[in-house]
Amino acid sequence: MDASLIVSNILNPPVLFFFLGMVAVFAKSDLEIPPPVPKLLSLYLLFSIGFKGGVELIKSGITQEVVLTLSAAILMACVVPVYTFFILKLKLDTYDAAAIAATYGSISAVTFITAGAFLNELGINYDGYMVAALALMESPAIIVGLILVNIFTANQGKEEFSWPEVLQEAFLNSSVFLLVGSLLIGVLTGEHGWQVLSPFSQDLFYGILTFFLLDMGLVAAKRIKDLQKTGAFLISFAILIPILNAGIGLLIAKFIGMPQGNSLLFAVLCASASYIAVPAAIRLTVPEANPSLYVSTALAVTFPFNIIVGIPLYLYGINMLWR
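Encoded structure:
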């Protein structure tokens, strides 16, 4: 693997600020971002990529490539929770296995955004409709995870979920709602809307992403102590499964004929894990699952691995496959 890709990624300001956040925790600094601020920053990032994605989608139109890409995204969001569930069942009970499987079947929007920033730094183009793939991959894994719980606890007398609540949490949670809503508004307003909002949605984007990753570094470092509860099996899972999922994603991307930029974003979506939407839904519906397992693996292992090593590793795989 070309080490320059990793160096280029690490020397990106957003990634360096992620490291700075982690160092602050290890050094026992009192650096802290007030709780409402990260929420505001994450909503801004979702609004910005959603709106830009909608504008780009209306430019490109609904082509065969778009349909195939979005179909592949839904397929991976449904398949990953199933096969990872059975791997996790080797060591964990049904509730924890389903919770972690749903987490890894869903996506991390921030990892996706960081990968987009990495591509921009390298001058590699990608299509805005990949944001639609991001939106489509967030919710199905929650539903699949809950179906697995229902199937494997049917004889244990567990109370049925309130499916209306589950569906509302899966499809109308704030991140999905804002992302899809911004995408649709981008489609409706097109280039005119982009010209009006670009000073806000584009010019501020990298600064806000950088500040948000500073907070993510703080949060991830604080979660590292929870890893002692997960054991070597889950730590290995949290590194190896993203690589496997990214590899499957790259093979699908190659088969469909995605360009390199889109392929990297698709691989990152396949490789990432949710630490916001899925944990919120799982806490509501599967209280038996241990949050320190499904949150700490996604946030303290998979997220740092992907933004530091995973993104350049997947691009290296693309360079090899697309020769």
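In the working numbering, the protein residues as written are 521 to 843. From the three backbone atoms N, C-alpha and C, an ideal C-beta is built for every residue, glycine too. Please read these numbers as outputs of a predicted model, since none were measured by experiment.
- Note that the C-beta distance between A797 and S626 is below 8 Å.
- Excluding the 5 residues flanking it on each side, A818 has same chain C-beta neighbours closer than 6 Å at T623, A793, Y795, in chain order.
- With respect to the 8 Å criterion, L639 and Y649 are not classified as neighbours on the basis of their beta carbons.
- In the three-state reduction of the DSSP assignment, D550 falls in the coil class, being assigned neither a helical nor a strand state.
- Straight through space, the alpha carbons of G636 and I578 are spaced by roughly 19 Å.
- For L724, the secondary structure class from DSSP, reduced to helix, strand or coil, is coil.
- Contact check between the region 649-664 and the region 585-600: three or more CB pairs, one atom from each, fall below 8 Å, which counts as touching.
- DSSP, read as helix, strand or coil, puts A809 in coil.
- Note that the region 721-728 touches the region 563-571; at least 3 beta-carbon pairs, one per stretch, sit closer than 8 Å.
- Remark: C-beta atoms of L738 and A544 approach each other more closely than 8 Å.
- For P832, the secondary structure class from DSSP, reduced to helix, strand or coil, is helix.
- By the Cβ criterion, the region 813-833 is in contact with the region 608-624, since at least three pairs of Cβ atoms, one from each stretch, lie closer than 8 Å.
- Ranked by Cα distance from E685, the first of L531, I526, A800 is A800.
- For a cut-off of 8 Å, the C-beta gap from N529 to I759 is around 17 Å, too long to register as a contact.
- Fully enclosed alpha helix (DSSP H) runs of no fewer than 4 residues occupy 614-625 of the region 586-635, in order along the chain.
- Bounds of the alpha helix (DSSP H) holding A655 are 650-658.
- Taking 4 residues as the shortest admissible run, the region 689-746 contains the following complete alpha helix (DSSP H) segments, listed from N- to C-terminal end: 694-721, 725-743.
- As the crow flies, the alpha-carbon of T604 is around 15 Å from that of I663.
- Assignment of R803 by DSSP, reduced to helix, strand and coil, places it in the helix class.
- Secondary structure in the region 527-572: the alpha helix (DSSP H) runs of 4 residues or longer, each lying completely within the stretch, are 533-546 in chain order.
- Distance from the CA of W714 to the CA of E576, rounded to the nearest whole angstrom, comes to 10 Å.
- Rounded to the nearest angstrom, the gap between the Cα atoms of V557 and Q688 is 25 Å.
- In the DSSP assignment, N782 falls within the alpha helix (DSSP H) that extends over 780-791.
- Within the same chain, Cβ atoms closer than 6 Å to the Cβ of M596 are found at C790, the five residues on either side in sequence being excluded.
- In this structure, G541 lies away from D746, with their beta-carbon atoms at least 8 Å apart.
- Per the coordinates, the alpha-carbon of G643 lies some 11 Å from the alpha-carbon of Q780.
- Judged by beta-carbon spacing, L770 lies within the 8 Å limit of S783, meaning their Cβ atoms are closer than that value.
- Judged by DSSP in its simplified three-state form, N645 adopts coil rather than helix or strand.
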